[in-house]
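Enquirer: Dumping the structure here so I can ask a few things about it.
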């Protein structure tokens, strides 16, 4: 689980940030943060699974209680890590699609911290050690990314939207260093334009912005390319001073207002990039 998770067509950069040297004080910080974080995450998972045993037979796909557990765990994780969390704008209330830029494994915590959402991931993620299990437990929707599976995707989206789920996608298709937004892949929006979804679907763009600790590389929290997860996690846990994360919720748009998937993808991409440009220099307390 501590090795890099293979990502097809992963984005990479010509230079990588310097690896943090962890001295004895750093290892003490790793222990002090890791132990309560493990208790929080896995304790929360146990509670979630127990509640889901009651929730599922009564509510089926509906999850009126367990998303609050996920949200509590994600907010608590930032407190334990010492990473300041801030949000701007209003999360979408009704069911629909949410798209965001992708910069780090911390995105999972950041995007769940205020808004109760369900990630949409490729089918292969369900088989990843540890992460796949956690993803299934929290209601991640796994899809096959192929033209032949388009009808199946529409059916799954309709089923989830019918119970008010907000489905989150990463249209860049990979993670970056957090300082830029890559072009959004229009193919990811193909299923949205099915007649069964087009007239009822709202889409909210979200920008996730990381603020590095004072004196550290601006890409400190970014996790991309072939970076190993273990060293990146340890660097985050060992940091003497932490930075912060800002999540910007942009006004939702109606899918029916767009002519095709390319126009939608470009508009959402520009919105997310503008949010990064506007708020990346903002300091959070």
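Numbering (the UniProt record's numbering), first residue to last: 1 to 285. From the three backbone atoms N, C-alpha and C, an ideal C-beta is built for every residue, glycine too. Note that the structure is a prediction, hence the values are computed from the model and not measured.
1) Does the Cβ of residue 267 lie closer than 7 angstroms to at least one heavy atom of the ligand FAD?
2) Among 128, 198, 176, 144, whose alpha-carbon lies nearest the alpha-carbon of residue 158?
3) Looking at the structure shown, is residue 122 part of a helix, part of a strand, or coil, going by DSSP?
4) My understanding is that residue 76 touches residue 40, with C-beta atoms under 8 angstroms, so please give their C-beta distance in whole angstroms.
5) Evaluate contact between the stretch 246 to 264 and the stretch 275 to 282, counting only Cβ atoms and requiring at least three cross-stretch pairs below 8 angstroms.
6) Starting from the C-beta of residue 242, find all residues in its chain whose C-beta is less than 6 angstroms away, skip the five residues before and the five after it, and write them out in chain order.
7) Quick check on DSSP: helix, strand or coil for residue 141?
8) Cα-Cα, which of 34, 38, 21, 89 is closest to residue 272?
9) Let me know the secondary structure DSSP gives residue 211 once reduced to three states.
10) Let me confirm a value: residue 24 is counted as buried when at least 16 other C-beta atoms fall within 10 Å, else exposed. Which label applies?
11) Using only alpha-carbon positions, find the residue among 222, 96, 86, 61 that is nearest to residue 201.
Expert: According to the data block:
1) As for the ligand FAD, it is missing from this structure, which has no ligand bound.
2) Against the chain shown, residue 158 aligns to sequence position 158. Among 128, 198, 176, 144, the Cα nearest to that of residue 158 is on 198.
3) Here the question's residue 122 lines up with position 122 in the chain shown. Looking at residue 122 - three-state DSSP - the assignment turns out to be strand.
4) What you label residue 76 is simply residue 76 of the chain shown in a count that begins at 1. What you label residue 40 is simply residue 40 of the chain shown in a count that begins at 1. Indeed they touch by this definition, with Cβ atoms about 5 angstroms apart.
5) yes
6) Translated into positions along the chain shown, residue 242 becomes position 242. Hits under 6 angstroms: 82, 83, 213.
7) Sequence index remark: in the chain shown, residue 141 carries index 141 (1-based). It is a strand residue.
8) In the chain shown, residue 272 corresponds to position 272, counting from 1. Of the candidates 34, 38, 21, 89, the one whose C-alpha sits nearest the C-alpha of residue 272 is 89.
9) Here residue 211 is taken as the residue at index 211 of the chain shown, counted from 1. In this structure, residue 211 counts as strand in the three-state DSSP scheme.
10) The residue given as residue 24 occupies position 24 in the chain shown. So residue 24 counts as exposed.
11) As a first step, residue 201 must be located in the chain shown, where it is residue number 201. It is 96 whose Cα lies nearest to the Cα of residue 201.
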